[in-house]
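Protein sequences, first through last, are from chains A and B. The numbers in this note's numbering rise by one with no breaks, and the one at position 1 of the first sequence is 7. The numbers in this note's numbering rise by one with no breaks, and the one at position 11 of the second sequence is 17. Glycine residues also receive a C-beta, built at the ideal position from the N, C-alpha and C atoms. In what follows, a structure is listed as structure tokens, so that the remarks can point back to it.
There are 2 protein chains.
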Amino acid sequence: MAENIVQRLRDEIENGIVTNQFSPGERLDEMHLAKQFGVSRTPVREALMQLSAIGLIEIRPRRGAVVVEPGPHRIYEMFEVMAELEGMAGSLAARRHTDADRTALLAAHAKCEKSAEADDSDTYYYDNELFHQAIYAASHSGFLIEQCTALHRRLRPYRRLQLRVRNRMKTSFNEHQAIVDAILSGDADAARAQLRQHIAVQGDRFSDLVATLSESKALLG
Amino acid sequence: MAENIVQRLRDEIENGIVTNQFSPGERLDEMHLAKQFGVSRTPVREALMQLSAIGLIEIRPRRGAVVVEPGPHRIYEMFEVMAELEGMAGSLAARRHTDADRTALLAAHAKCEKSAEADDSDTYYYDNELFHQAIYAASHSGFLIEQCTALHRRLRPYRRLQLRVRNRMKTSFNEHQAIVDAILSGDADAARAQLRQHIAVQGDRFSDLVATLSESKALLG
DNA sequence: GTCAATAGCCTTGTATACAAGAATTAGAAT
DNA sequence: ATTCTAATTCTTGTATACAAGGCTATTGAC
């Protein structure tokens with residue numbers, strides 16, 4: 007029973023935030039969480055600090071931790087940066103990928119094809135993560151891999167929304183095809199452009215979604 | 007006396023790491039640090055966790071915290087990513103800068119010129135930070151500003167070494183001039199390219215430096 | 001009736017005590 | 001003498017106790 011408690015708490019709370027069990031703006035009471043998970047406040051505090059470092063919550067002195075709501079604009083900005091980083095990863099991957107990278111990328115790509123054809127958005131969501139991880143790995147830049155993985159994780163909940171949009175899965179898969187071609191043919195510039203576009207479009211989609219939602223909210227209100 | 011203790015500890019220890027008072031690989035004893043700063047272990051632990059989140063130290067379960075030595079290759083990778091992010095910031099700045107951004111950028115640029123002419127590397131080091139911050143701010147992307155600032159901070163110690171290199175300050179200032187021209191003329195692509203190059207060259211310089219050092223070490227050993 | 005001020009409670013921040021695992025040292029055996 | 005094992009000690013991980021600041025509710029005054 008090592009430091010795993012903190013890790014477990016961190017994952018549980020993070021999951022709770024991502025799945026909206028803890029809503030944005032909600033105050034996270036240390037004692038309440040401690041009771042809920044059957045531990046003392048100490049590990050809870052440490053888990054909260056980690057989440058604060060990730061950016062999922064905000065800790066104001068003497069006023070506790072609240073779940074951060076990034077806001078549509080901020081999320082769009084995050085997609086913009088993600089697009090740039092993924093583009094870089096793609097560019098490096100095109101230049102540096104090994105046979106093993108190639109195999110892994112094609113395997114993930116095949117999985118995506120399968121779940122896209124089955125129209126299974128949950129599975130596609132998962133396979134899509136593998137696909138992007140394969141690209142990060144092929145970049146052979148340890149630091150870039152870390153940065154991409156962290157941001158990818160951070161954007162997870164907002165990406166998930168989008169696969170529900172009509173035809174998005176098929177479109178996504180077609181974009182993947184172009185990305186794979188560019189990387190495996192060693193065309194760094196094309197790989198960068200394709201990946202950047204592939205991610206940026208998600209930011210756009212997200213904006214559209216928000217616009218639609220706030221419009222309907224305005225109509226309702 | 008709020009949560010400031012943790013912040014203070016974090017800054018002090020971070021500073022200690024950056025200034026090599028705590029050498030890479032050194033083990034950071036919680037109790038020792040607590041005594042040294044006249045506090046209990048609790049805030050020390052929390053400060054250490056924050057540093058761990060930043061990436062300056064590594065905490066292994068039940069085995070304490072050690073100062074991370076990124077290693078030359080990892081540092082080079084970090085400069086690579088920084089180059090990309092700064093390029094992005096420059097690109098956005100070229101498209102989005104306001105009159106206020108323009109004023110701030112020119113002011114920082116003028117300061118750099120002054121300290122470069124005075125051959126004052128300490129001041130130039132500081133003014134250079136202002137210059138880059140001005141670019142980040144002009145990008146008007148809050149998330150990008152945060153990411154750039156964090157990585158810039160993380161690379162601070164390695165950048166500092168380089169200004170000592172002969173003529174680096176003058177060269178750096180000339181590059182700044184090209185960057186300013188590109189941004190203020192609204193040429194996003196040029197701004198991106200210039201900034202990317204400006205940062206990437208620092209990674210190269212760092213590699214050269216390391217190569218030189220390890221060579222002389224090999225000769226000595 | 002409403003607003004402001006004060007008091008009490010509730011939550012966070014810090015310290016200390018307790019538990020458990022890892023490292024080191026000492027002793028014994030080969 | 002060297003190596004392996006065991007025990008002790010030292011450090012980390014967790015819990016609880018104590019301190020301090022903010023929030024809320026209640027009461028009084030306008």
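- Between S147(B) and E83(A) a beta carbon distance of about 5 Å is seen, short of the 8 Å cut, so the two are scored as contacting.
- Three or more pairs of CB atoms, one per stretch, sit closer than 8 Å, so the segment 111 to 118 of chain B contacts the segment 132 to 149 of chain B.
- Per the Cβ contact rule, the segment 179 to 190 of chain A is not in contact with the segment 34 to 52 of chain A (fewer than 3 Cβ pairs under 8 Å).
- The beta-bridge partner set that DSSP reports for G209(A) is empty.
- Here M88(A) is near L157(A), since their CB atoms are less than 8 Å apart.
- By the neighbour-count criterion, in which 16 or more other beta carbons inside 10 Å mark a residue as buried, S145(B) falls on the buried side.
- Between R170(B) and S121(B), the C-beta gap is not smaller than 8 Å, which leaves the two residues out of contact.
- Listed along chain A are M55, A59, each with a C-beta nearer than 8 Å to that of Q56(B).
- Contact annotation: in the segment 147 to 176 of chain A, residues whose CB is within less than 8 Å of a CB in chain B are S147, G148, F149, L150, Q153.
- Going by DSSP, V24(B) is part of the alpha helix (DSSP H) stretching over 10 to 24.
- Assignment of L169(B) by DSSP, reduced to helix, strand and coil, places it in the coil class.
- Across the structure, K176(A) and A53(B) are spaced so that their CA atoms are roughly 47 Å apart.
- DSSP places E83(B) within a helical segment (H, G or I) once states are collapsed to three.
- For R80(A), the residues of chain B that pass the 8 Å Cβ criterion are G148, F149, in the order they occur in the chain.
- Chain order gives the chain A residues near M84(B) as F149, where near means a beta carbon separation below 8 Å.
- In the structure shown, the three-state DSSP call for V74(A) is coil.
- The Cβ neighbour count for G209(A), taken over all protein chains shown within 10 Å, is at least 16; the residue is labelled buried.
- Under the Cβ distance rule, V186(A) does not count among the residues neighbouring chain B, no pair being separated by less than 8 Å.
- Under the Cβ criterion (8 Å, minimum of three pairs), the segment 13 to 24 of chain B counts as touching the segment 56 to 63 of chain B.
- Counting only the Cα atoms, A184(B) lies some 43 Å from V73(A).
- Of the other Cβ atoms in all chains shown, fewer than 16 fall within 10 Å of the Cβ of L219(A); this residue is therefore exposed.
- Excluding five sequence positions before and after I151(A), the CB atoms of its chain that fall closer than 7 Å to its own CB belong to Y142, A143, S145, given in chain order.
- Distance from the CA of E36(A) to the CA of R14(A), rounded to the nearest whole angstrom, comes to 15 Å.
- The alpha-carbon separation between R159(A) and Q203(B) amounts to approximately 29 Å.
- In terms of beta-carbon proximity, V87(B) lines the interface with chain A, with at least one pair separated by less than 8 Å.
- Here R101(A) is near A194(A), since their CB atoms are less than 8 Å apart.
- For R66(B), the three-state secondary structure derived from DSSP is strand.
- In the same chain as S29(B), and ignoring 5 residues on each side of it, the C-beta atoms closer than 7 Å to its own belong to V73, in chain order.
- Counting the other CB atoms within 10 Å of its CB gives P49(B) a total of 16 or more, which places it among the buried residues.
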